[in-house]
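Peer 1: Dumping the structure here so I can ask a few things about it.
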Amino acid sequence: MLTNMRVIAHERLGDDVNIRRLVLEGEAAAEAQPGQFLHIRAADALDPLLRRPLSIAAIDRSQRRLTVLYRIKGRGTQVLAAVPVGGMLDVLGPLGRGFQVPSTGELILAAGGIGVFPLLALAAAAAERQVKTTLFWGGEDRAFFDNAGLRLWRDLGTPLSLATMDGSLGRKGLVTELLGLWWQERTAAKEPVFMAACGPAGMLKAVSLWAQTKAVSLEVSLEERMACGLGACLGCACQGRDSEGRLKNLKVCTDGPVFKAEEVEWDAG
Ligand SMILES: Cc1cc2nc3c(=O)[nH]c(=O)nc-3n(C[C@H](O)[C@H](O)[C@H](O)COP(=O)(O)OP(=O)(O)OC[C@H]3O[C@@H](n4cnc5c(N)ncnc54)[C@H](O)[C@@H]3O)c2cc1C
């Protein structure tokens, strides 16, 4: 859906000037699902010409609002950051295939850095269904978590297990180490586990291999540079495998961004 959305809030998420919270109001909120994204035109001008994809981090249907959380990276997000409250944004979306929201069992979320943003909407949807959810989240240091919305997770009441590279918060190390420890400590009453992960490709590959050895069902949200967002330009194609193990192209924009982990070919050059 091509639509205009009104900017309801646009501010820093924490102390880091480069991480922003953008709340948009409009029709797109009616259909949005966790894991989908908005393809946003940062400006009416020719530069930047292409839309920028940002995941939906929160859905409030009653108020017709969607929240995205983003890090300013280059020209597109810089221009977007200047859009004031009250302004209108040209938005394509919600786009893509989102996460499956389990109704039973246990949901485990694994996030690397700002890959946590799309998982927030999934955690909120799972909470509505009373599905027990835990977030395993790895980041650089304590300041990163404060700046990337740790308080939003605390507000939601999701149990958290954190890892930092420097040990300043949670366990020192990688998020995959947290998963390993959690698995060892699980008690006998084992509910089916559904996992969802988002983060850097290396982390997703490691989580995917780990989940495979434990026979845990895993969905991953991928990021690729994309242009049209509608499956036409193939700019966001990456390699996957079909159910017979044959190589195939995956379009992150329309086949994803959420995929079953086994659909993705992690070792594609
Ligand atoms: C489906 C999807 C959902 C996303 N959700 C979020 C989100 O919720 N929050 C968020 O902060 N970011 C998200 N991103 C990444 C975000 O789209 C890019 O950071 C943004 O497009 C960069 O645009 P720019 O003009 O600011 O930077 P550019 O000048 O275009 O790029 C700056 C740097 O970022 C790299 N880059 C650009 N686009 C991407 C991309 N799509 N993926 C990986 N690297 C990229 C470039 O290679 C370059 O090094 C998402 C990407 C996808 C595909």
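Mapping of the sequence shown onto our numbering: residues 591 to 859, in sequence order.
A virtual CB, placed ideally from N, CA and C, is assigned to each residue, including glycine.
#1: Considering just the uninterrupted stretch of the alpha helix (DSSP H) at residue 795, what are its terminal residues?
#2: Determine the direct distance from the alpha carbon of residue 782 to that of residue 624, and round the result to whole angstroms.
#3: Closer than 6 Å by C-beta to residue 858: which residues in its own chain qualify, once you throw out the five before and the five after it? Chain order, please.
#4: Would you decide whether residue 737 is buried or exposed? Buried here means 16 or more other CB atoms lie within 10 Å of its CB.
#5: Determine the contact status of residue 689 and residue 809, defining contact as a CB-CB distance below 8 Å.
#6: Between residue 732 and the rest of its own chain, which residues show a CB-CB distance below 8 Å, the 5 nearest in sequence each way excluded?
#7: Check this for me: beta carbons of residue 729 and residue 790, under 8 Å apart or not?
#8: Tell me the start and end of each unbroken alpha helix (DSSP H) in the segment 693-773 that is at least 4 residues and wholly inside, in chain order.
#9: Assess, as a yes-or-no matter, whether the segment 677-685 is touched by the segment 763-775 under the definition of 3 or more beta carbon pairs within less than 8 Å.
#10: With distances taken from each beta carbon to the nearest heavy atom of ligand 1, which residues come in below 5 Å, in chain order?
#11: Helix, strand or coil for residue 681, going by three-state DSSP, please let me know.
#12: So what does DSSP say about residue 593, is it helix, strand or coil?
#13: Whose C-alpha, out of 638, 735, 692, 626, is nearest the C-alpha of residue 845?
#14: If you draw a straight line from the C-alpha of residue 654 to the C-alpha of residue 836, how long is it?
#15: Classify residue 851 as helix, strand or coil using the three-state DSSP reduction.
Peer 2: Taking the structure as given:
#1: For the purposes of this step, residue 795 is taken as the residue at position 205 of the sequence shown. For residue 795, the enclosing alpha helix (DSSP H) has its first and last residue at 791-803.
#2: Translated into the one-based positions of the sequence shown, residue 624 becomes position 34. Translated into the one-based positions of the sequence shown, residue 782 becomes position 192. Between the C-alpha atoms of residue 624 and residue 782 there is a straight-line separation of about 21 Å.
#3: Walking along the sequence shown from the start, residue 858 turns up at place 268. Here residue 858 has 829 as same chain residues with Cβ atoms under 6 Å from its own Cβ, once five neighbours each way along the sequence are excluded.
#4: Within the sequence shown, the letter at position 147 stands for residue 737. Looking at its Cβ environment, which holds 16 or more other Cβ atoms inside 10 Å, residue 737 is buried.
#5: Numbered from its first residue, the sequence shown carries residue 689 at position 99. Numbered from its first residue, the sequence shown carries residue 809 at position 219. A contact, by the Cβ cut-off of 8 Å.
#6: Here residue 732 corresponds to residue number 142 of the sequence shown, with the count starting at 1. Within the same chain, 754, 758, 759 come within 8 Å of residue 732 by CB-CB distance, once the 5 residues on both sides are set aside.
#7: Here residue 729 refers to the residue found at position 139 of the sequence shown. Here residue 790 refers to the residue found at position 200 of the sequence shown. In this structure, residue 729 lies away from residue 790, with their beta-carbon atoms at least 8 Å apart.
#8: As far as the segment 693-773 is concerned, its whole alpha helix (DSSP H) runs of at least 4 residues are 707-718, 732-737, 740-746.
#9: By the criterion of at least three beta-carbon pairs nearer than 8 Å, the segment 763-775 is not in contact with the segment 677-685.
#10: Any heavy atom of ligand 1 within less than 5 Å of a residue's beta carbon puts that residue on the list, which reads 627, 642, 643, 644, 645, 660, 661, 663, 664, 665, 666, 667, 707, 813, 815, 847.
#11: Along the sequence shown, read from residue 1 onward, the residue named residue 681 stands at position 91. The three-state reading of DSSP puts residue 681 in strand, counting E and B together.
#12: Stepping through the sequence shown from its first residue, residue 593 is reached at position 3. The answer is strand: DSSP assigns residue 593 an E or B state.
#13: On the sequence shown, position 255 is the one that residue 845 refers to. Comparing Cα positions, the closest option is 626.
#14: One-based indexing of the sequence shown puts residue 654 at position 64. One-based indexing of the sequence shown puts residue 836 at position 246. About 42 Å.
#15: Within the sequence shown, the letter at position 261 stands for residue 851. Helix, per DSSP.
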